[in-house]
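Remarks on the structure that follows.
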Amino acid sequence: MSYHELTIRTQSRTELIDITSQLARLVQQSKVLSALLFLFVPHTTAAVTINENADPSVQHDILSELNRLIPLAGPYQHAEGNAAAHVKSTLVGPSQTLFIDEGRLALGTWQGVFFCEFDGPRSRKVWVKIIPTPNHP
Amino acid sequence: MSYHELTIRTQSRTELIDITSQLARLVQQSKVLSALLFLFVPHTTAAVTINENADPSVQHDILSELNRLIPLAGPYQHAEGNAAAHVKSTLVGPSQTLFIDEGRLALGTWQGVFFCEFDGPRSRKVWVKIIPTPNHP
Amino acid sequence: MSYHELTIRTQSRTELIDITSQLARLVQQSKVLSALLFLFVPHTTAAVTINENADPSVQHDILSELNRLIPLAGPYQHAEGNAAAHVKSTLVGPSQTLFIDEGRLALGTWQGVFFCEFDGPRSRKVWVKIIPTPNHP
Numbered sequence: 004m005s006y007h008e009l010t011i012r013t014q015s016r017t018e019l020i021d022i023t024s025q026l027a028r029l030v031q032q033s034k035v036l037s038a039l040l041f042l043f044v045p046h047t048t049a050a051v052t053i054n055e056n057a058d059p060s061v062q063h064d065i066l067s068e069l070n071r072l073i074p075l076a077g078p079y080q081h082a083e084g085n086a087a088a089h090v091k092s093t094l095v096g097p098s099q100t101l102f103i104d105e106g107r108l109a110l111g112t113w114q115g116v117f118f119c120e121f122d123g124p125r126s127r128k129v130w131v132k133i134i135p136t137p138n139h140p
Numbered sequence: 004m005s006y007h008e009l010t011i012r013t014q015s016r017t018e019l020i021d022i023t024s025q026l027a028r029l030v031q032q033s034k035v036l037s038a039l040l041f042l043f044v045p046h047t048t049a050a051v052t053i054n055e056n057a058d059p060s061v062q063h064d065i066l067s068e069l070n071r072l073i074p075l076a077g078p079y080q081h082a083e084g085n086a087a088a089h090v091k092s093t094l095v096g097p098s099q100t101l102f103i104d105e106g107r108l109a110l111g112t113w114q115g116v117f118f119c120e121f122d123g124p125r126s127r128k129v130w131v132k133i134i135p136t137p138n139h140p
Numbered sequence: 004m005s006y007h008e009l010t011i012r013t014q015s016r017t018e019l020i021d022i023t024s025q026l027a028r029l030v031q032q033s034k035v036l037s038a039l040l041f042l043f044v045p046h047t048t049a050a051v052t053i054n055e056n057a058d059p060s061v062q063h064d065i066l067s068e069l070n071r072l073i074p075l076a077g078p079y080q081h082a083e084g085n086a087a088a089h090v091k092s093t094l095v096g097p098s099q100t101l102f103i104d105e106g107r108l109a110l111g112t113w114q115g116v117f118f119c120e121f122d123g124p125r126s127r128k129v130w131v132k133i134i135p136t137p138n139h140p
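Residue numbers (this note's numbering), protein chains in the order written: chain A, 4 to 140; chain B, 4 to 140; chain C, 4 to 140.
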């Protein structure tokens with residue numbers, strides 16, 4: 004397989020799970036110095052985002068605002084009861100691209116990477132691909 | 004031109020169009036084994052997303068929730084009557100990155116790639132770039 | 004450093020700032036012909052989007068709809084008063100990927116690239132990485 008696969012066990016219906024340290028470990032193992040790291044979530048009721056991982060209330064507010072904007076129950080046609088999760092997945096998005104610099108994941112001071120569960124609890128996957136790039140910009 | 008250009012004819016004001024098989028054909032023709040596929044929509048009232056392509060009601064619910072959240076008519080300044088389409092374009096986004104593995108588009112079981120028309124019907128373009136990557140992750 | 008860093012001085016609480024010409028200059032200086040340009044915003048209350056830069060009312064409508072959907076004041080737990088900005092950052096997203104073709108940024112006729120300030124005024128950064136790619140698609 005030409006990419007890494009992380010397995011994530013979610014515990015709630017909607018949940019943000021910090022995967023920054025798992026990604027940092029992959030970066031370290033890859034021994035790249037300058038690179039790009041591509042994330043892809045192969046699910047239609049989940050997503051990946053980057054946001055503050057210092058104060059957990061930020062994660063709470065992101066989930067509660069998404070739940071308020073796109074309520075669990077609504078005039079949905081999709082009969083499986085998870086239409087809201089599909090909509091949230093499209094709004095937040097299944098892919099992100101991160102920079103690797105000097106052998107480390109390059110993030111802002113307050114940034115962490117979060118797997119977004121919108122229809123849990125489930126066992127989920129995140130795909131990761133690291134591509135070395137030139138040392139100049 | 005250093006990228007492929009797909010042409011899409013949309014039929015409705017708002018519509019999701021499954022472009023997965025067109026992308027799969029480009030992947031096959033490119034004969035790459037491991038690669039990244041970059042999508043870019045060169046329009047400001049459209050977007051690209053990845054979501055379920057098994058039950059069409061999911062596509063219906065995504066569009067109807069977006070239309071409910073960002074109504075066609077509102078207190079908009081933009082005088083062309085398509086301000087809502089511009090807002091939806093920014094929320095869903097014009098670019099996505101997909102993985103190619105063992106010569107095939109790597110998607111989750113239920114995932115398909117959709118062009119999102121928010122101000123149709125129109126003739127639209129989707130740009131596609133495929134970059135070979137190492138066989139290891 | 005293996006990427007460029009733009010510095011942006013924002014003037015308002017919420018604001019879109021057109022950075023297209025700064026990116027075009029980086030592309031020109033890089034002397035690449037075919038390439039990908041990766042954007043990353045290292046902040047948790049900001050984002051990057053691509054939308055119309057001809058009529059400024061589009062930028063106004065994007066901001067006012069986001070402010071209507073995710074109000075500044077709400078039942079947020081995060082105590083710093085900028086919870087709404089964190090939610091908007093996740094909805095619009097911190098990364099985008101653009102194509103470079105024949106030595107120029109490849110954008111649709113009406114497209115520009117905008118830094119999205121959701122908790123200004125502040126001094127902000129945008130990271131940019133340009134990766135040469137084959138001349139064929």
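For every residue, glycine included, the Cβ atom is placed at its ideal position computed from N, Cα and C.
Q. Excluding five sequence neighbours on each side, which residues of the same chain lie with their C-beta closer than 8 Å to the C-beta of H81(A)?
A. H89
- Report all residues from its chain with a CB closer than 6 Å to the CB of D122(B); omit the five preceding and five following residues, and keep chain order. The answer, listed in chain order, is T48, N85, A88.
*Partner residues on chain F for I133(A), Cβ-Cβ distance less than 8 Å*: Absence of chain F from the displayed structure is noted, the protein chains being A, B and C.
Proximity to S15(A) [Cα-Cα], best of N138(A), H7(A), L66(A), L110(A): L66(A)
DSSP beta-bridge partners of T10(C):
K128(C)
Practice item. Output, in chain order, the set of chain B residues within a Cβ distance shorter than 9 Å of H46(C). Key: Those within 9 Å of H46(C) in chain B number zero; the least Cβ separation is about 17 Å.
Mapping DSSP to helix, strand and coil, what is S24(C)? helix
Would V139(C) be called buried (16 or more neighbouring beta carbons within 10 Å of its own) or exposed? Sequence inspection shows His at residue 139(C); the Val mentioned does not correspond to that position. It counts as exposed.
Check your understanding: If we ignore side chains and look at the alpha-carbon of each, how far apart do T100(B) and L72(C) end up?
Key -> T100(B) and L72(C) have their C-alpha atoms roughly 28 Å apart.
Problem - Supposed contact pair F118(B) and G11(B) - C-beta distance, whole angstroms, cut 8 Å - result: It is Ile, not Gly, that sits at residue 11(B) in the sequence shown. With a Cβ gap of about 5 Å, I11(B) and F118(B) count as contacting.
- Message: Cβ closer than 7 Å: which chain B residues qualify as neighbours of Q99(C)?
- Response: S98
* Terminal residues of the beta strand (DSSP E) in which I53(A) lies -> 49-55
query: How many Å lie between E68(B) and V131(A) at the Cα?
result: 30 Å
Are the segment 92-106 of chain C and the segment 50-66 of chain A in contact at 8 Å, needing three or more beta carbon pairs? With a cut-off of 8 Å, the segment 50-66 of chain A and the segment 92-106 of chain C count as touching, because enough Cβ pairs lie within range.
Exercise for review: Rounded to whole angstroms, what's the CA-CA distance from I22(A) to K128(A)? Just pull it up for me.
Suggested key: If you take the alpha carbons of I22(A) and K128(A), they lie about 11 Å apart.
* To do: Express the C-alpha separation of H46(B) and W113(C) in angstroms, rounding to a whole number.
  => 7 Å
If I measure Cβ to Cβ from V61(C) and keep anything under 8 Å in the same chain, skipping five residues before and after, which residues do I get?
N54, E55
By Cβ distance, which residues of its chain are closer than 7 Å to L75(B), with the 5 residues on each side in sequence left out?
Excluding residues within five positions, the ones whose Cβ falls inside 7 Å are A87.
inquiry  = Can you tell me whether Q99(A) is helix, strand or coil according to DSSP?
reply    = Strand, per DSSP.
Legend entry - chain A contact residues for S60(C), given Cβ-Cβ distances below 9 Å: Within chain A, no C-beta atom comes less than 9 Å from the C-beta of S60(C); the nearest is roughly 24 Å away.
According to DSSP, which residues form a beta bridge with P135(A)?
P135(A) is bridged to A38(A).
Any beta carbon from chain B within less than 8 Å of H81(A)'s own beta carbon?
Answer yes: the Cβ-Cβ gap between H81(A) and chain B drops below 8 Å somewhere.
*asked:* Do S37(B) and D104(B) have their beta-carbon atoms positioned less than 8 Å apart in this structure?
replied: It is a contact, given that the beta carbons lie within the stated cut-off.
key: Beta-carbon proximity check, L29(C) vs I133(C), cutoff 8 Å   = yes
ask   = P124(C) to T13(C), Cα distance in whole Å?
value = 5 Å
Open item on the list: Just to confirm my understanding: we take K91(C), look at its own chain, exclude 5 residues before and 5 after, and list those with CB closer than 6 Å. What are they?
Closed with: L69, I73, F121
Notebook entry, point to check: Who does A109(C) pair with in a DSSP beta bridge?
Noted result: DSSP output for A109(C) lists F102(C) as bridge partner(s).
(Q) Taking the beta carbon of A109(B) as the centre, do at least 16 other beta carbons fall within 10 Å, making it buried, or is it exposed? (A) A109(B) comes out buried.
Problem set entry | Residues, ordered as in the chain, of the segment 4-38 of chain A that lie near chain C by beta-carbon distance below 7 Å | S37
Exercise. Given A27(A), which residues of its chain have a CB within under 7 Å of its CB, disregarding the five upstream and five downstream residues?
Worked result: L108
Pull up the distance between the alpha-carbon of D64(A) and that of E83(C), whole angstroms please. Those two C-alpha atoms are separated by around 12 Å.
Next item on the list: Can you pull the chain B residues whose beta carbon is under 7 Å from the beta carbon of I53(C), in chain order?
Entry: Within chain B, the residues placing a beta-carbon under 7 Å from that of I53(C) are P97, ordered along the chain.
Does DSSP classify V30(C) as helix, strand or coil?
helix
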